[in-house]
Amino acid sequence: MKIGSLVLENPLILAPMAGITELPFRRLAREAGCALVVTEMVSANGLVHGSKKTAELLMSHPKERPLSAQIFGADPEIMKEGAQIVQGAGADILDVNLGCSVRKIVRQGAGVALMREPNRLEAVLKAIRSAISLPLTIKIRTGWDPSGEQAVKAAQMAEDCGVDAVAIHPRTAVQGFAGSADWSLIARLKEAVSIPVVGNGDIQGPDDVLRMQRETGCDAVMIGRASIGNPWIFAQALDLMNSRPPRQPDLLDRLNTVLRYIEYSVHHFGEVRAVRMMRSRLGWFTKGLPHSSRFRASISHLQTKEDMTEAVQAYFEGMQNAIQPTAI
Ligand SMILES: Cc1cc2nc3c(=O)[nH]c(=O)nc-3n(C[C@H](O)[C@H](O)[C@H](O)COP(=O)(O)O)c2cc1C
């Protein structure tokens, strides 16, 4: 799988998710085997106006590369300048968000709003393409009606503008996350354009990855919600692609992953902020495990990395001892 000049080692991509796919989370996904990670959506306007908080979203770590940075906005000139800032920051791919249906974004004419304004969309893509040499991708939705026509037209126009790949989450703007993703539209895009098509939407387990590839012919599969607290989905999908039974993470895998998540988060956000974030996020990794709600409550007041690490170790040791009386 190639996006422009960039060769991906496999066809698995972590979906951009605002508030979730921060750098530490992306590192776990890469370690689990996905070939490409994407930042949370980044405001082009914020970048151009020098917002420190926005620029922070572009921070990267060598171990997570290749990294795609996603921007949103509606003004061609601002999007162009935003793209140049992204290129200067060292991202490997520039992705344009044409799928976000959150009211705040749509009201600005950005995200999926651009899918019903083909002239503006064309101006945005041409402006960006003329200004950067990075591989350029777009991430779209079905559009504003269920026919899929807007998606096909947007993808074809993007190809004409020099876009190198298109990812599609085949739900309409009004659908949000309701109903189910219409994978037949992924197959339709595959017929309609010759650039790579990335399929996205409703991958719940590793088998779905193979099913999406088989049913749609997509070039790569992008996984979002199913990877939250479950980076192993990437390794398991790779197992299946290589005709191996998918390996289930054991307690030690889970413990080590959580400890690395804490480590990376403290390194990236600093101890105070990271520990505060971990209080809720560790719940993603312990959901469904015995006494997980008790564990979550027990870490809700912790202040230091040391205390957080100890609490995690004690929780996992308790579980291991319940299975067999040896320490992990
Ligand atoms: C919490 C959350 C945040 C998201 N943020 C973004 C975003 O910043 N940019 C984007 O293009 N899509 C965003 N998405 C959409 C996902 O990238 C993806 O298209 C969608 O979740 C469908 O894939 P899934 O069924 O594998 O989760 C977000 C989704 C979720 C659940």
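Be aware that the sequence shown starts at 31, since it is given in my numbering, and climbs by one per residue.
Here a beta-carbon is modelled for each residue, glycine too, at the ideal position from N, C-alpha and C.
For this session: Whole angstroms is fine: what's the gap from V154's alpha carbon to W262's?
Result: Whole-angstrom Cα-Cα distance: 37 angstroms.
message: Need the endpoints of the alpha helix (DSSP H) that S295 sits in, please.
response: L281 to F299 is the extent of the alpha helix (DSSP H) around S295.
Worksheet item: In this structure, does DSSP put P41 in helix, strand or coil?
Response: Three-state DSSP puts P41 in coil, outside helix and strand.
By Cβ distance, which residues of its chain are closer than 6 angstroms to W314, with the 5 residues on each side in sequence left out?
Cβ within range, chain order: I258 and G259.
| Any heavy atom of ligand 1 closer than 6 angstroms to the Cβ of A208? | Checking every heavy atom of ligand 1 against the Cβ of A208, none is found closer than 6 angstroms.
Requested in this report: Determine the DSSP secondary structure at I253, reduced to helix, strand or coil.
Outcome: I253 falls in the strand class under three-state DSSP.
- request: Note the first and the last residue of the continuous alpha helix (DSSP H) segment covering I353.
  value: It spans K335 to I353 - the alpha helix (DSSP H) in which I353 sits, taken as one unbroken run.
Selection from S214, M338, D237 and F264 that minimises the alpha carbon distance to E245:
Looking at the Cα atoms, S214 is the closest of the given residues.
With a floor of 3 residues, list each beta strand (DSSP E) that falls wholly inside the stretch 105-139, ordered by position along the chain. Runs found: 123-128.
If distances are taken between C-alpha atoms only, which option among L285, V239, Q333 and V132 comes closest to N272?
With distances taken between CA atoms, N272 lies nearest to V239 out of L285, V239, Q333 and V132.
task: Decide if the stretch 225-235 is in contact with the stretch 200-211; the criterion is three or more beta carbon pairs, one per stretch, under 8 angstroms apart.
output: Yes: at least three Cβ pairs fall under 8 angstroms.
Straight-line gap, L58 to C248 (C-alpha atoms, nearest Å): In a straight line, the C-alpha of L58 is about 25 angstroms away from that of C248.
Just to confirm, are D122 and L88 a CB contact at a threshold of 7 angstroms?
Taking 7 angstroms as the Cβ cut-off, D122 and L88 do not qualify as a contacting pair.
*Secondary structure at G229, three-state DSSP: helix, strand or coil?*
In this structure, G229 counts as strand in the three-state DSSP scheme.
| said: Rounded to the nearest angstrom, what separates R56 and L44 at their Cα positions? | reply: Taking the straight line from one Cα to the other gives about 8 angstroms.
Any chance the CB of P176 is under 6 angstroms from a heavy atom of ligand 1? Not so, every heavy atom of ligand 1 lies at least 6 angstroms from the Cβ.
Pick out whichever of L219, S177 and S81 has its Cα sitting closest to the Cα of G112. Comparing Cα positions, the closest option is S81.
Practice problem: Would you please state the rounded distance, in angstroms, between the beta carbons of A341 and L332? I believe it to be under 8 angstroms. | Solution: Correct: roughly 6 angstroms between the Cβ atoms.
Q | Close Cβ partners of E70 (< 8 angstroms) along its chain, the five nearest in sequence each way excluded | A | Only P46, M47, A48, G49, I50, T51, E52, L87 and Q100 meet the Cβ criterion.
Check your understanding: Is G231 near ligand 1, with its Cβ less than 6 angstroms from a heavy atom?
Key -> For G231, the CB falls within less than 6 angstroms of some heavy atom of ligand 1.
Legend entry - Alpha-carbon spacing of R241 relative to D337, whole angstroms: Linking R241 to D337 through their CA atoms gives a straight-line distance of about 43 angstroms.
Whole-angstrom distance between P279 and A267, CA atom to CA atom | The straight-line gap from Cα to Cα measures roughly 13 angstroms.
* To do: Could you round the C-beta distance between I170 and M145 to whole angstroms and report it? I think they count as a contact, below 8 angstroms.
  => Between M145 and I170 the Cβ distance is about 6 angstroms, and since that is below 8 angstroms, they are a contact.
Beta carbon of L219, beta carbon of A185: below 7 angstroms? The answer is yes: Cβ separation under 7 angstroms.
Is it the case that the CB of P96 approaches a heavy atom of ligand 1 more closely than 6 angstroms? Here the distance from the Cβ of P96 to the nearest heavy atom of ligand 1 is not below 6 angstroms.
With 16 other Cβ atoms within 10 Å as the buried cut-off, status of N75: A residue is called buried when at least 16 other Cβ atoms come within 10 angstroms of its Cβ; N75 meets this threshold and is buried.
- Query: Residue range of the alpha helix (DSSP H) that G173 falls in?
  - Reply: It is not in any alpha helix (DSSP H) - G173 instead sits in the beta strand (DSSP E) that spans L166 to G173.
message = I'd like to confirm something about M145: is its beta-carbon nearer than 6 angstroms to some heavy atom of ligand 1, or not?
response = No, the Cβ of M145 stays beyond 6 angstroms of every heavy atom of ligand 1.
Quick one: Cα of S328 to Cα of R290, how far? Their Cα atoms are separated by approximately 20 angstroms.
Exercise. Assign P165 to one of two classes, buried (16 or more other C-beta atoms within 10 Å of its C-beta) or exposed (fewer than that).
Key: Burial call: buried.
Which residues does DSSP list as the beta-bridge partners of A199? This sequence places His at residue 199; Ala is not what is there. Per DSSP, R171.
Check: From G235 to G254, what does the alpha carbon distance come to, in whole angstroms?
Finding: Approximately 11 angstroms, taken between the alpha carbons.
Open item on the list: I'd like to know whether the C-beta atoms of A140 and G103 end up nearer to each other than 7 angstroms.
Closed with: In this structure, A140 places its C-beta atom within 7 angstroms of the C-beta atom of G103.
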